[in-house]
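In the numbering used here, the protein residues as written are 6 to 517. One structure below.
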RNA sequence: GCGGAAGUAGCUCAAUUGGUAGAGCUCCAGCCUUCCAAGCUGGAGGUUGCGGGUUCGAGACCCGUCUUCCGCUCCA
């Protein structure tokens, strides 16, 4: 276990040392749960995004991609249910250190009183032969008292929430003498409101009506454009709309490096299907997405499905693809059957018909949606954590190597003149100039060759082309492979073909 | 947000009961010209996270604050 912890710490420090991830605003002591991608991180992240985009959009003739804005009309979030679902009043018990939702505590208390009424009814039903339940509920003094109590609690709570009066919510909990189920005490903190969406102002003049949110998921940008894309792209169901982009959530606690950030990037695809066929597509995408992840070669046993038993407000089936991170199996991608929840609500709130007319059956319907949603930053972390290895070499020394899939490496080829004279740097530059139009290439002249190899290993460069004196004599160079550290001598005119074969993205895509 | 631990050079870490902040690696400039991080010379780099306090004197002690890690909580 401490091994895994050490490994995770290594991943974090390696990320910083080699320009993958920096903490945001580090010179100002950082900003909690916000991170920046450095020169190598940005390349790796871009490559992961490209691989996803090409696998989803380029390889499927019925999937197109869009890039919707982060700002959306405020009604969007009412329709999606986020305004309600993202506002929780929370309260902590100081003795047990447990946190509760204040509304749940009060609801549970009300449920207990309802229980008492039910018991009274049961007792009375046994006692009287011609039991009139309706009359009993209206007349029995004890029951009436309970019912009044429930009503007064509910109306008081409702008013407090509407007024945003959190002190009153706390006072209700105190007045009802609600105790913590764990500690049994009434030692409560103040009630705090956790708004999980970021609000900001649209327009330079501040005005209450101009409050808008930074999107908490990219999906809604797809839903509100459903009709635009369907019509202008002449899309026939089933079809998909893909999108990558930033989303923002005000997490209560953000932890584990870039696993849970306040600002993060999603890669989502919403697949629109005929109602009744959604489970078929759900199964298809479950398998297709798992296959995609496994094509990265991190090991099949590091992935598993986790089926959701408790479903979100919009779903009729849901599962996660979990990955074995250094801190355990955690969600990497979610696959949800979202029914027609989103389109139906947007139809209702906007008053616009969001339907598909099927010319064959002559019917018009609101499509069902199957969503695949990957966290790009989580995928990045999974990739880096799996790829980072410390190896013992035969000569007894150690090397740190990033065992990245070749096509994803930030730098594909390093060109290294063995010595910095005799025309070797010039030849190296010629090779760089040939490759740079297709690949990220680096030329390094400083330090001993061994040092340069190790530096390239540490950022995961799959191929090193070394120029020695023989290269000048007979026009051949050596290509050294990162993982095996073996070298082969090849003629100059064979370089491009070899690089294409070993590091291009298409070689990875063809395996899908 | 609560509890625990930590924060000293780019990185890893020293600094006796409170007494002038150091080392290795890295980096930079040269020399050397070497196929797997280890040669030579010189150099740069610090308001000890930040702000207060105690003291003749604080990296160390006290208070506050920020950040990170671990646990709890939350996770559409």
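Note that CB positions come from ideal geometry on N, CA and C, so glycine has one too. Every value quoted in this text rests on a predicted model; they were computed, and no experiment measured them.
Starting from residue 311, trace the beta strand (DSSP E) in both directions and tell me its first and last residue.
Residues 308-312.
Extent of the continuous alpha helix (DSSP H) run through residue 381:
Membership of residue 381 in the alpha helix (DSSP H) is indicated by the continuous run 381-392.
When we look at the beta-carbon of residue 292 and count the other beta-carbons within 10 Å, is it buried (16 or more) or exposed?
Taking every protein chain shown into account, the CB of residue 292 has fewer than 16 other CB atoms within 10 angstroms, so this residue is exposed.
Pairing CB atoms from the stretch 473-482 with CB atoms from the stretch 429-437, are three or more of them under 8 Å?
Proximity of the stretch 473-482 to the stretch 429-437 meets the contact definition, three or more beta-carbon pairs being nearer than 8 Å.
C-alpha gap between residue 7 and residue 334, whole angstroms
The predicted position of residue 7 is uncertain, since its pLDDT is 48 and thus under 50; no value can be drawn from it.
Count the C-beta pairs between the stretch 380-389 and the stretch 350-370 that are closer than 8 Å, then say yes if the count reaches three, no if not.
As far as the Cβ criterion goes, the stretch 380-389 does not touch the stretch 350-370, which means the pair count is below three.
Could you spell out where the alpha helix (DSSP H) holding residue 523 opens and where it closes?
A query on residue 523 cannot be resolved here, the shown segment of the chain reaching from 6 to 517 and no further.
What residues in its chain sit with their C-beta under 6 Å from that of residue 245, if we drop five residues either side in the sequence?
Here the set comprises 68, 274, 276.
So residue 431 is in the alpha helix (DSSP H); what residue range does that whole segment cover?
Note, residue 431: alpha helix (DSSP H), 429-440.
According to DSSP, what are the bridge partners of residue 342?
Under DSSP, residue 342 takes part in a beta bridge, and its partners are 322, 375.
Give the range of the beta strand (DSSP E) segment to which residue 26 is assigned.
Bounds of the beta strand (DSSP E) holding residue 26 are 26-28.
Within 8 Å, strictly: CB atoms of residue 444 and residue 495:
Cβ atoms of residue 444 and residue 495: not closer than 8 Å.
In chain order, what residues of the same chain have a beta carbon less than 6 Å from the beta carbon of residue 491, not counting five sequence neighbours either side?
Sequence-distant partners of residue 491 (beyond 5 residues in either direction) whose C-beta falls short of 6 Å from its own C-beta are missing from its chain.
6 Å Cβ shell around residue 197 - same chain, five flanking residues per side excluded:
Answer for residue 197: 95, listed in chain order.
Could you compute how far the alpha carbon of residue 222 sits from the alpha carbon of residue 256?
A direct Cα-to-Cα measurement between residue 222 and residue 256 gives close to 13 Å.
Look up residue 98 in the DSSP assignment and give the residues it is bridged to.
Beta-bridge pairing links residue 98 to 193.
Nonlocal neighbours in the same chain, by C-beta distance under 7 Å from residue 282, ignoring five residues either side:
Excluding the 5 residues flanking it on each side, residue 282 has no same chain C-beta neighbour closer than 7 Å.
Mapping DSSP to helix, strand and coil, what is residue 237?
Looking at residue 237 - three-state DSSP - the assignment turns out to be helix.
Please list the terminal residues of the continuous alpha helix (DSSP H) segment that includes residue 514.
Its alpha helix (DSSP H) spans residues 510-514.
Host beta strand (DSSP E) of residue 363 (start-end):
Counted as a single uninterrupted DSSP element, the beta strand (DSSP E) harbouring residue 363 occupies residues 361-363.
Starting from residue 68, follow its DSSP beta bridges and name the residues at the other end.
Under DSSP, residue 68 forms a beta bridge with 245.
Where residue 450 sits in the DSSP three-state scheme:
In the structure shown, residue 450 falls within a coil segment according to DSSP collapsed to helix, strand and coil.
May I have the straight-line CA-CA distance separating residue 379 from residue 124, to the nearest angstrom?
CA-CA distance, residue 379 to residue 124, rounds to 49 Å.
Please list, in chain order, all residues of the same chain as residue 136 whose beta carbon is under 7 Å from its beta carbon, the five residues on each side excluded.
The beta carbon of residue 136 sits closer than 7 Å to the beta carbons of 129, 130 from its chain, once the five residues preceding and following it are set aside; these are given in chain order.
What residues in its chain sit with their C-beta under 7 Å from that of residue 17, if we drop five residues either side in the sequence?
Contacts found: 262.
Which two residues bound the contiguous beta strand (DSSP E) that contains residue 204?
Taken as a continuous stretch (DSSP letters only), the beta strand (DSSP E) holding residue 204 covers 204-206.
Sorted by chain position, which residues of the same chain lie with C-beta nearer than 6 Å to residue 482's C-beta, five sequence neighbours on each side aside?
Excluding sequence neighbours, residue 482 sits near 470, 472, 476.
In this structure, how does DSSP classify residue 497 when only helix, strand and coil are distinguished?
Helix.
Can you tell me the Cβ-Cβ gap for residue 71 and residue 230, rounded? I've got them flagged as a contact below 8 Å.
For residue 71 against residue 230, the beta-carbon gap comes to about 6 Å, under 8 Å, which counts as contact.
For residue 443, list the residues DSSP reports as bridge partners.
As computed with DSSP, residue 443 is found in no beta bridge at all.
Write down every uninterrupted run of the beta strand (DSSP E) in the stretch 255-304 whose length is 3 residues or greater and which is fully enclosed by it, in chain order.
Listed in chain order, they are 268-278.
Would you report the Cα separation of residue 396 and residue 340, rounded to the nearest angstrom?
One C-alpha to the other measures close to 36 Å.
Examine the Cβ distances between the stretch 405-421 and the stretch 441-458 and report whether three or more of them are shorter than 8 Å.
Yes, since at least three Cβ pairs between the stretch 405-421 and the stretch 441-458 fall closer than 8 Å, the two stretches touch.
Have a look at 312, 331, 459 and flag the residue whose alpha-carbon is nearest the alpha-carbon of residue 323.
A check of alpha carbon separations from residue 323 across 312, 331, 459 identifies 312 as the nearest.
Local Cβ density within 10 Å of residue 133, reported as buried at 16 or more and exposed below that:
The residue is exposed, with fewer than 16 neighbouring Cβ atoms inside 10 Å.
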